[in-house]
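Following: one structure in structure tokens, then a few remarks.
Residue numbers (the working numbering): 873 to 1181.
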């Protein structure tokens, strides 16, 4: 572990409780005014994501309906912490690549903004220890306005507990749209996608790969970073074959994020909302599910740059 990683690990441990509270506050805000029927439907849809095939990921018929009211905050309770953990594992080793000039970054399939949180944590710590990183411009793209809305609440909440957040990154208004048929987007120096692919993308991996290539060309991306479950690796294998003008880049050692254990405040926020509305609540399941930590070691990583970049 490098000196940076050692000090960053200590810093993250000190921030863990505050980050949990920030996430919980955004969850409570997102769940205000929702009734039992809405919460039950959203809760059932988010719980589908735990359907297991070989220990995790999407099982048959287990997709989540991200358009449902309440899915955003409930997803944040269950998955935001996990996705921050995963994102740190990959972004910390890449901080050197991201430490040159300011970049235009598009976070595709951004969801609730866990990638943005992870990068802001890295950049805020770097600034605090006197090694500031460039102020990158960040645009979140997602097809679900429900998820983007929760991402905005989470961003506002993060900025309250981490005032440096707005100084280390320029967060542009999120863009609602499908990357397969995207609306107008700024040019992207780098495109990042965390668990970007959905179950429907597996039906025709070659076609999905071509759609991804077209998207990256449309935004003039110079670099592309994504990670996903192994069961979606066929899409990325096809994509590598299409990228004749790109080169593979390597991440040698993943960062071992110290964010682990229960997200107690987030768990309480979800339990309170479900109980208050009379929705179905399974405390034992929530205790096992609403935790830090993710599936980093099982992720399939693709990190590529244009040869001319």
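Glycine included, every Cβ here is placed at the ideal spot set by N, Cα and C.
None of the values given here were measured: they were computed from a predicted structure.
Within the DSSP bridge table, the entry for residue 1118 names 1178 as partners. Contact check between the segment 1056 to 1076 and the segment 1100 to 1119: three or more CB pairs, one atom from each, fall below 8 Å, which counts as touching. The three-state reading of DSSP puts residue 1065 in strand, counting E and B together. Taken through DSSP and simplified to helix, strand or coil, residue 1011 comes out as strand. Contact between residue 1026 and residue 890 is absent: CB atoms are separated by about 13 Å, not below the 8 Å threshold. The DSSP-derived three-state label of residue 1051 is coil. Around the beta carbon of residue 1052, fewer than 16 other beta carbons lie within 10 angstroms, which makes this residue exposed. Residue pairing by DSSP places residue 904 in no beta bridge whatsoever. DSSP, read as helix, strand or coil, puts residue 945 in helix. Residue range 976 to 980 is occupied by the beta strand (DSSP E) that includes residue 977. Counting the other CB atoms within 10 Å of its CB gives residue 973 a total below 16, which places it among the exposed residues. Unbroken beta strand (DSSP E) stretches of 3 residues or longer found wholly inside the segment 1088 to 1148: 1095 to 1101, 1118 to 1120, given in chain order. By the neighbour-count definition (other C-beta atoms within 10 Å, threshold 16), residue 954 is a buried residue. The alpha carbon of residue 949 has as its nearest neighbour, out of 1147, 887, 1161, the alpha carbon of 1161. In the three-state reduction of the DSSP assignment, residue 911 falls in the helix class, which pools H, G and I. Looking at the DSSP output, residue 1042 shares a beta bridge with 1009. Under the DSSP assignment, residue 1023 falls in the alpha helix (DSSP H) whose first and last residues are 1017 to 1033. The segment 1143 to 1162 and the segment 989 to 1002 do not touch, with fewer than three beta-carbon pairs separated by less than 8 Å.
Taking residue 1174 as the centre and dropping the five residues before and after it, the same chain places the C-beta of 1098, 1108 closer than 6 Å to its C-beta, in chain order.
Residue pairing by DSSP places residue 1172 opposite 1100 in a beta bridge. Considering only 915, 952, 959, the residue with the shortest C-alpha distance to residue 939 is 915. The way I'd put it, the segment 1125 to 1132 does touch the segment 955 to 973; three or more beta-carbon pairs between them come closer than 8 Å. Taken through DSSP and simplified to helix, strand or coil, residue 1152 comes out as coil.
If you draw a straight line from the Cα of residue 1036 to the Cα of residue 884, it is about 15 Å long.
In this structure, residue 896 lies near residue 1140, with their beta-carbon atoms less than 8 Å apart. DSSP places residue 1162 in the coil class of the three-state scheme, outside both helix and strand. With contacts defined as CB atoms closer than 8 Å, residue 911 and residue 1151 qualify as a contacting pair. About 5 Å separates the beta carbon of residue 977 from that of residue 1010, a gap short enough to meet the 8 Å contact definition.
Collapsing the DSSP output to three states places residue 1004 in coil. Each residue's CA atom was taken as its position, placing residue 945 and residue 904 some 10 Å apart. Residue 877 and residue 964 have their C-alpha atoms some 8 Å from each other.
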